[in-house]
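Engineer:
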Amino acid sequence: MPTPRILASSFALLVVLAAAAPRLPRENLLVYRAADGSPAPVRSVDDWLKRRGEIVRGVESIMGRLPGPEKRSALDVTVLEEVDCGSYVRRKITYTSEPGSQVPAYLLVPKKLLGGQGGKAPAILCLHGTDNVTGAGTVVGVGGKPNRQYASELAERGYVTLAPNYPLLAEYQPDVAKLGWQSGTLKAVWDNIRGIDLLTSLPYVRAEAIGAIGHSLGGHNAVYTAFFDDRVKAIVTSCGLDSFLDYKGADPANWYPEKGWCQTRYMRKLADYRGRLEEIPFDFYELVAALAPRTTLIVAPLHDANFQHDSVDRIVAASRPVFALYNAADRLKVEHPDCPHDFPEAMRQEAYALFDHEFGRPATP
Numbered sequence: 008m009p010t011p012r013i014l015a016s017s018f019a020l021l022v023v024l025a026a027a028a029p030r031l032p033r034e035n036l037l038v039y040r041a042a043d044g045s046p047a048p049v050r051s052v053d054d055w056l057k058r059r060g061e062i063v064r065g066v067e068s069i070m071g072r073l074p075g076p077e078k079r080s081a082l083d084v085t086v087l088e089e090v091d092c093g094s095y096v097r098r099k100i101t102y103t104s105e106p107g108s109q110v111p112a113y114l115l116v117p118k119k120l121l122g123g124q125g126g127k128a129p130a131i132l133c134l135h136g137t138d139n140v141t142g143a144g145t146v147v148g149v150g151g152k153p154n155r156q157y158a159s160e161l162a163e164r165g166y167v168t169l170a171p172n173y174p175l176l177a178e179y180q181p182d183v184a185k186l187g188w189q190s191g192t193l194k195a196v197w198d199n200i201r202g203i204d205l206l207t208s209l210p211y212v213r214a215e216a217i218g219a220i221g222h223s224l225g226g227h228n229a230v231y232t233a234f235f236d237d238r239v240k241a242i243v244t245s246c247g248l249d250s251f252l253d254y255k256g257a258d259p260a261n262w263y264p265e266k267g268w269c270q271t272r273y274m275r276k277l278a279d280y281r282g283r284l285e286e287i288p289f290d291f292y293e294l295v296a297a298l299a300p301r302t303t304l305i306v307a308p309l310h311d312a313n314f315q316h317d318s319v320d321r322i323v324a325a326s327r328p329v330f331a332l333y334n335a336a337d338r339l340k341v342e343h344p345d346c347p348h349d350f351p352e353a354m355r356q357e358a359y360a361l362f363d364h365e366f367g368r369p370a371t372p
């Protein structure tokens with residue numbers, strides 16, 4: 008039997024070989040890197056998990072690595088405001104995601120769950136789009152932005168919902184670099200992971216029934232969070248992604264520091280790949296495939312000026328065989344509403360029905 012030292016040496020060699028070799032093809036996800044560094048066909052879930060491991064390392068090279076227990080401080084939830092919204096209570100809160108960082112958020116709880124009389128309900132992480140005024144308020148009906156109130160609508164449906172603010176937007180302005188983060192994207196993921204910790208600590212939440220939903224910025228934030236945290240069992244992403252190769256028509260002007268994906272609040276390091284986007288060590292091809300076998304709905308409007316729906320179709324076509332490895336090809340769904348960059352009523356209702364099917368619809372509040 009190989010010793011731990013031999014196994015560690017073999018792993019280190021694999022990492023070196025992977026770093027030296029060209030990235031594996033984004034369009035063909037049923038290929039992994041064998042021990043000698045050569046591409047080999049994926050024939051099983053175990054083979055795929057080797058490819059997924061390489062994807063994780065590629066993501067970490069851009070976003071940074073998730074921290075260990077040193078940042079998992081006490082949540083120290085503080086309720087700043089409570090509003091009676093009829094069938095549910097809306098609480099504006101802060102929670103400590105790491106030492107020195109308090110995340111503003113909204114926690115919506117159906118009244119039937121309070122007081123210990125209503126049993127437990129699924130919980131949905133509701134991630135907001137780019138909004139530098141209201142931030143997370145947009146998804147709870149504060150600020151008046153139409154077609155964004157999915158946290159409120161899910162609470163009315165009986166779900167517990169948590170809407171954390173995204174870093175460096177609106178009232179939430181953490182010093183990402185001082186806190187030790189390589190990217191704003193991973194800081195947001197960590198805040199969301201800690202938000203899931205909060206949800207699963209609540210006595211009225213079913214810890215095994217956690218979903219994530221988001222539009223635009225919230226759409227890719229949901230994908231990133233589910234990529235890193237498998238407690239998220241169902242994912243809905245609206246207007247949140249296409250291939251890096253296709254983003255905004257592949258215009259090089261979008262790949263300078265503080266432009267597009269290269270902003271501090273996202274992944275500043277991606278600016279290093281301007282002019283060689285094909286070398287970025289991960290793409291949404293890999294990220295979507297890595298969600299398998301969890302139920303995933305991608306809403307990609309036909310007239311979205313940010314993300315191209317045909318690029319989404321290519322991503323789904325490449326990812327579906329990975330879902331099929333788990334006998335879950337039908338759990339990856341895509342919809343193309345005839346609209347611009349929006350999350351229309353019909354698509355939100357389809358998202359809610361997906362959560363109902365996955366978790367069982369909560370009892371009427």
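Its first residue numbered 8, the sequence shown is counted upward by one per residue in our numbering.
Positions of the beta carbon are idealized from the N, C-alpha and C atoms, including for glycine.
Would the segment 348–361 count as touching the segment 69–81 if we require 3 or more Cβ pairs under 8 Å?
Structural biologist: As far as the Cβ criterion goes, the segment 348–361 does not touch the segment 69–81, which means the pair count is below three.
Engineer: How far does the beta strand (DSSP E) with H227 in it extend, from its first residue to its last?
Structural biologist: For the purposes of this step, residue 227 is taken as residue 220 along the sequence shown, with counting starting at 1. Taken as a continuous stretch (DSSP letters only), H227 belongs to no beta strand (DSSP E), being part of the alpha helix (DSSP H) at 224–235.
Engineer: Let me check understanding here. Comparing Cα to Cα, which of E286, D337, A336 lies closest to I69?
Structural biologist: Residue mapping note: residue 69 aligns to position 62 of the sequence shown, counting from 1. Looking at the Cα atoms, E286 is the closest of the given residues.
Engineer: Just verifying my parser: in three-state terms, what is the DSSP assignment at V140?
Structural biologist: Residue numbering aside, residue 140 sits at position 133 when the sequence shown is read from its first letter. Note: V140 maps to coil in three-state DSSP.
Engineer: What three-state label does DSSP hand Y359 in the structure shown?
Structural biologist: Along the sequence shown, read from residue 1 onward, the residue named residue 359 stands at position 352. The answer is helix: DSSP assigns Y359 an H, G or I state.
Engineer: Taking just the CA atoms, how far does Y263 sit from A170?
Structural biologist: As a position in the sequence shown, residue 170 is number 163, starting the count at 1. As a position in the sequence shown, residue 263 is number 256, starting the count at 1. A170 and Y263: Cα-Cα distance of roughly 30 Å.
Engineer: Relative to the alpha-carbon of W197, which residue among S208, E61, V183, L209 has its alpha-carbon at the smallest distance?
Structural biologist: Sequence index remark: in the sequence shown, residue 197 carries index 190 (1-based). Measuring from the Cα of W197, the nearest candidate turns out to be V183.
Engineer: To the nearest angstrom, how far is the alpha carbon of D349 from that of S245?
Structural biologist: Your numbering for residue 349 matches position 342 in the sequence shown. Your numbering for residue 245 matches position 238 in the sequence shown. Near 8 Å, if we compare the C-alpha coordinates of S245 and D349.
Engineer: Please list the segments of the beta strand (DSSP E) lying wholly inside the segment 269–332, counting only runs of 3 or more residues, in order along the chain.
Structural biologist: If we require 3 residues or more, the beta strand (DSSP E) runs fully inside the segment 269–332 come out as 302–306.
Engineer: Which first and last residues belong to the alpha helix (DSSP H) in which L56 is found?
Structural biologist: Residue mapping note: residue 56 aligns to position 49 of the sequence shown, counting from 1. First-last of the alpha helix (DSSP H) with L56: 52–70.
Engineer: Report yes if the C-beta distance between P111 and A143 is below 9 Å; otherwise report no.
Structural biologist: For this step, residue 111 is matched to residue 104 along the sequence shown. For this step, residue 143 is matched to residue 136 along the sequence shown. Against a cut-off of 9 Å, the Cβ pair of A143 and P111 comes out as a contact.
Engineer: Taking the beta carbon of P153 as the centre, do at least 16 other beta carbons fall within 10 Å, making it buried, or is it exposed?
Structural biologist: Within the sequence shown, the letter at position 146 stands for residue 153. So P153 counts as exposed.
Engineer: Compare the C-alpha of K240 against each of V96, A47, F366, E352 and name the closest.
Structural biologist: In the sequence shown, residue 240 corresponds to position 233, counting from 1. The shortest C-alpha separation from K240 is found at F366.
Engineer: Hey, would you say A195 sits closer than 9 Å to Y173, going by beta carbons?
Structural biologist: The residue labelled residue 195 in the question sits at position 188 within the sequence shown. The residue labelled residue 173 in the question sits at position 166 within the sequence shown. The answer is yes: Cβ separation under 9 Å.
Engineer: Alpha carbons only, please: which of L339, K119, R97 is nearest the one belonging to G148?
Structural biologist: Here the question's residue 148 lines up with position 141 in the sequence shown. Answer by Cα proximity: R97.
Engineer: Specify the secondary structure class of D91 as computed by DSSP and reduced to three states.
Structural biologist: Here residue 91 is taken as the residue at index 84 of the sequence shown, counted from 1. DSSP places D91 in strand when its eight states are reduced to three.
Engineer: Expressed to the nearest angstrom, what Euclidean distance is found between the alpha-carbon atoms of G65 and P29?
Structural biologist: Reading the sequence shown from its first residue, position 58 is the one you call residue 65. Reading the sequence shown from its first residue, position 22 is the one you call residue 29. Each residue's alpha carbon lies about 12 Å from the other.
Engineer: Per the DSSP calculation, Q109 is bridged to which residue(s)?
Structural biologist: Counted from its first residue, the sequence shown places residue 109 at position 102. Q109 is bridged to T103.
Engineer: Alpha carbon to alpha carbon, how far is K119 from A233?
Structural biologist: Taking the first residue of the sequence shown as position 1, residue 119 is located at position 112. Taking the first residue of the sequence shown as position 1, residue 233 is located at position 226. Roughly 28 Å separates the two Cα atoms.
Engineer: Using three-state DSSP, classify L248 as helix, strand or coil.
Structural biologist: As a first step, residue 248 is located in the sequence shown; it is residue number 241 there, counting from the start. L248: coil per DSSP, three-state reduction.
Engineer: Using the C-alpha atoms, what's the distance from G122 back to G267?
Structural biologist: Taking the first residue of the sequence shown as position 1, residue 267 is located at position 260. Taking the first residue of the sequence shown as position 1, residue 122 is located at position 115. Roughly 46 Å between the two C-alpha positions.
Engineer: Between which residues of its own chain and M8 is the CB-CB distance below 8 Å, once the five residues before and five after are set aside?
Structural biologist: Start at 1 with the first residue of the sequence shown, and residue 8 comes out as number 1. Caution is warranted here: a pLDDT of 42 is assigned to M8, below 50, making its placement in the model unreliable, and the coordinate value is therefore given only provisionally. Nothing listed; no residue qualifies.
Engineer: State yes or no: is the C-beta of P129 within less than 9 Å of the C-beta of V243?
Structural biologist: Here residue 129 refers to the residue found at position 122 of the sequence shown. Here residue 243 refers to the residue found at position 236 of the sequence shown. In this structure, V243 does not lie closer than 9 Å to P129 by Cβ.
Engineer: Please classify G225: is it buried, with 16 or more other beta-carbons within 10 angstroms of its beta-carbon, or exposed?
Structural biologist: By one-based count along the sequence shown, residue 225 stands at place 218. So G225 ends up on the buried side.
Engineer: Is S326 closer than 9 Å to D253 when the C-beta atoms are compared?
Structural biologist: By 1-based counting over the sequence shown, the position of residue 253 is 246. By 1-based counting over the sequence shown, the position of residue 326 is 319. Taking 9 Å as the Cβ cut-off, D253 and S326 do not qualify as a contacting pair.
Engineer: With contact counted as at least three CB pairs below 8 Å, one residue from each stretch, are the segment 30–49 and the segment 277–294 in contact?
Structural biologist: Flag = yes, the segment 30–49 and the segment 277–294 touch.
Engineer: Distance, Cα to Cα, Y95 vs I131?
Structural biologist: Within the sequence shown, the letter at position 88 stands for residue 95. Within the sequence shown, the letter at position 124 stands for residue 131. Computed Cα separation, rounded: 15 Å.
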